[in-house]
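The next block holds one structure in the form of structure tokens; read it before the comments.
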Amino acid sequence: MLLKAVPGALVGSALFVSGVVGTPLGRASDACAKIAGQSFVAPADARACLSSFPYNATLAKNVMDVVEGAISFFTFEEWQKLAPFPFTEASVNLDFEFARIRKTKYKTDYEFNRDVFNVINRLDDGHTLWLPSCYRNAFQNILPAPVVALEKNGLQDIYIAPDSVEFISLLGSNFTSYYDKKGFNWKKYAGAKVLTIEGLPAWAYVNLIATTQSGNWVDHNIRVNSVLSSYRVTSNAWAQRLGDIAGSLFPDKDSLTMTVIPAQAGAKPEIVKFEYRSNYLGAPFVDSPSYWTANCIARSTTNGVDERQNQAALKKISRPKLRPMGMSVDGGAPEGIALPDPYLPTIPIVAGGNGQLKAYVLADNKTGVLMVGSFGGDYTKFQTDTVAALAKFKSSGVEQLIVDTTGNGGGYVCLGEFLINALAGTSFGYSGWESSARANPLARKIVAADIAQGINYMFYSSNNWAFLNNTPQPVDYNYMEPPTNFVINGQKDSNSKRFYDICTPYDVDLPAEPAFPPSKILIVGNGMCGSTCALFTGIAYEKLGIKVITFGGNPGQPMNFNGLAGNQVLEWANLDSEIKTAGLKNDPLAPPDLLVNGNIRINWRYAWSWKSKNSPLAFFVERANIRLPYTHETYMNPQNLWNYVAKTYFK
């Protein structure tokens, strides 16, 4: 489990980063030494430690040079200067914001990095983020009162999660003993109805956090679900997210005040101040210098490498096929707290028990369930587990299928396409999207350099992609030239020619015919189905006509069934490797190496909607066929949710 005590081991105290020195701000005492070795600390103490490093103009310029250089490859930079309706909350003029940041003199390095993080996070695109390991997800703020939205007697309200006692207790006594020592009975409020939060009506506060902090998802109502606690499968096991209120990735708040009505009969409204505790998730340290060394200095993996240097050795072995990734980023306790035992499915797993995909047969003996926790993990095992599950369904007489994508952040692009072919049969044909990459000047130089050098093993290499007739592009084909020019929001931009993914042959054999008719498949989820998951559900919806049921969100408001439908992500190290391998690191357009421990990830290529060929899937309005609220019976109990859907929505 991710949440664990941090040993107070000494980590080297050097602060040198390529000749740049950072030293803690002058203080009477060392703010980081005060909390070293502790798992949970007061948020104010966590902030003091994070704020103990002064603003360094050299490091800040380096970060901005790398960030701006990477963003020039970001597909939607110009689109999101005014994001398409109804996603206008995701509008950010990055040119303006980056110029402002460069002119600003900050007091601390933390203040600078938070500003960069916040600006890019406002894109509401989990593919495109500045992730400073020194500060983001270093101290996670945890509240002993995760919140959910539930329907009761026809009304949807905000509640403290009824399973809070079982759930929060899994954090251990290092967390709960703080409240015990203060005599605060947090357990009393499990299941309490929440009337107000921080003086605002509960729903208004939830929507405020969704607008200003959650990020990741372009659809507002999916961000509402991100604010709330929910079930998921992660690291091959059932888990529960704290949600963005109870599990913020920065230690910004010391407490949260709610007006609640406890669940006990006859209870009256109470004003309750819940204190946060900050959980340290970084590397061990003993003081500010060792914190900096352990968490903030660039690592050997921070920047990319020139892959040409590895080719002599690799020619003697079979080079692994590049596998494009599309995955959102979560972190902290959302990844590491188990779903409490009373809420786990009690029916046996029939396939995929120790993987990201778990298969069940409901008690009606006619409904199969595929819980698809992720498209990541073991690439081949996902395929063998899927084939085993479908074979078991067939032998068991299963007639209909529920695919649960709740909390699926994506993974390998080709596994999304594989699952479409597994369900629809290989006779369905190409199971992906038309795609393209941004044709900025450096990208065009990279492709030209790869062709000139015969480089056939990078993501920009032409032979990794197929023409739109589904035949592979030759290694000397320049899909960037001439670029496709267009104007969006009054800004000129350019794309490559469109192309297909190459995902076949798969590692397993699939039948030509469908496993189930599309009318006998339902996809269920909470909209937090990102990246490859969004690509999978989009094909299922657009080309197969499979119905999608989405739970949660604001009552009565429209909601997409997925909210992170860019396409492939490139992490900074990936992008830097593309530049270096092309021999272009010294090009005036090439960003420098990053001097700090961080990552600027970008959405690198488009998926274009099949229903509207000039609309990026990321901004295409695709509403769930059916919207449902969570109830006390279904909110954290996947088996109850599946049973309800099977009984109610299969015709």
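Here the sequence shown stands for residues -22 to -1, 1 to 629, where the numbers follow mature numbering (1 follows the signal peptide of the UniProt record, and there is no 0).
Just so it is clear, CB atoms sit at the ideal spot from N, CA and C, and this is done for glycine as well.
In the three-state reduction of the DSSP assignment, Q334 falls in the coil class, being assigned neither a helical nor a strand state.
Contact check between the stretch 477 to 493 and the stretch 398 to 405: three or more CB pairs, one atom from each, fall below 8 angstroms, which counts as touching.
In the DSSP annotation of this structure, the continuous segment of the alpha helix (DSSP H) that includes I398 starts and ends at 391 to 402. Residue pairing by DSSP places L500 opposite I380, K525 in a beta bridge. The stretch 370 to 389 and the stretch 333 to 346 touch, with no fewer than 3 CB-CB distances between them shorter than 8 angstroms. Within 10 angstroms of the beta-carbon of I580 lie 16 or more other beta-carbons, which makes it buried. A direct Cα-to-Cα measurement between K159 and E253 gives close to 13 angstroms.
Annotation note: the stretch 82 to 128 contains the following uninterrupted beta strand (DSSP E) runs of length 3 or greater, listed N- to C-terminal: 107 to 110, 117 to 120. By the criterion of at least three beta-carbon pairs nearer than 8 angstroms, the stretch 410 to 421 is in contact with the stretch 583 to 595. About 13 angstroms separates the beta carbon of S192 from that of D230, a gap too long to meet the 8 angstroms contact definition.
Proximity to K130 across Q218, L606, P495, T384 peaks at L606, based on C-alpha coordinates. Contact check for F437 against L393 fails: the beta carbons are separated by 7 angstroms or more. Cα atoms of V623 and D232: separation of roughly 40 angstroms, rounded to the nearest angstrom.
Secondary structure note for L595: it is in no beta strand (DSSP E), with a DSSP letter that is neither H nor E.
Within the stretch 521 to 579, complete beta strand (DSSP E) segments of at least 3 residues are found at 525 to 529, given in chain order. Residue range 233 to 239 is occupied by the beta strand (DSSP E) that includes T235. Between Y390 and F353, the beta carbon gap of about 5 angstroms places them in contact (Cβ cut-off 8 angstroms).
Contact check between the stretch 563 to 570 and the stretch 512 to 525: fewer than three CB pairs, one atom from each, fall below 8 angstroms, which does not count as touching. Look at the beta carbons and you see the stretch 132 to 140 touching the stretch 167 to 187: at least three pairs across the two are nearer than 8 angstroms.
Note that the stretch 549 to 560 touches the stretch 40 to 57; at least 3 beta-carbon pairs, one per stretch, sit closer than 8 angstroms. Under the DSSP assignment, Q431 falls outside any beta strand (DSSP E), being part of the alpha helix (DSSP H) whose first and last residues are 419 to 431. In this structure, L128 sits near Y608, with a CB-CB distance shorter than 7 angstroms. Annotation for L619: the continuous alpha helix (DSSP H) segment containing it runs 616 to 627. Counting the other CB atoms within 10 Å of its CB gives V250 a total of 16 or more, which places it among the buried residues. Out of D103, N281, E176, the CA that lies nearest to the CA of T53 is found in D103. In the assembly as shown, T626 is an exposed residue. Its beta-carbon has fewer than 16 other beta-carbons within 10 Å. Listed as beta-bridge partners of Q469 by DSSP are I466.
In the DSSP assignment, Q134 falls within the unbroken beta strand (DSSP E) covering 133 to 138. Within the same chain, Q451, F477, Y478 come within 8 angstroms of F445 by CB-CB distance, once the 5 residues on both sides are set aside. Spanning the alpha carbons of P496 and G351 requires a straight line of approximately 21 angstroms. Judged by beta-carbon spacing, A329 lies beyond the 7 angstroms limit of D356, meaning their Cβ atoms are not closer than that value.
P318 and S147 have their C-alpha atoms some 9 angstroms from each other.
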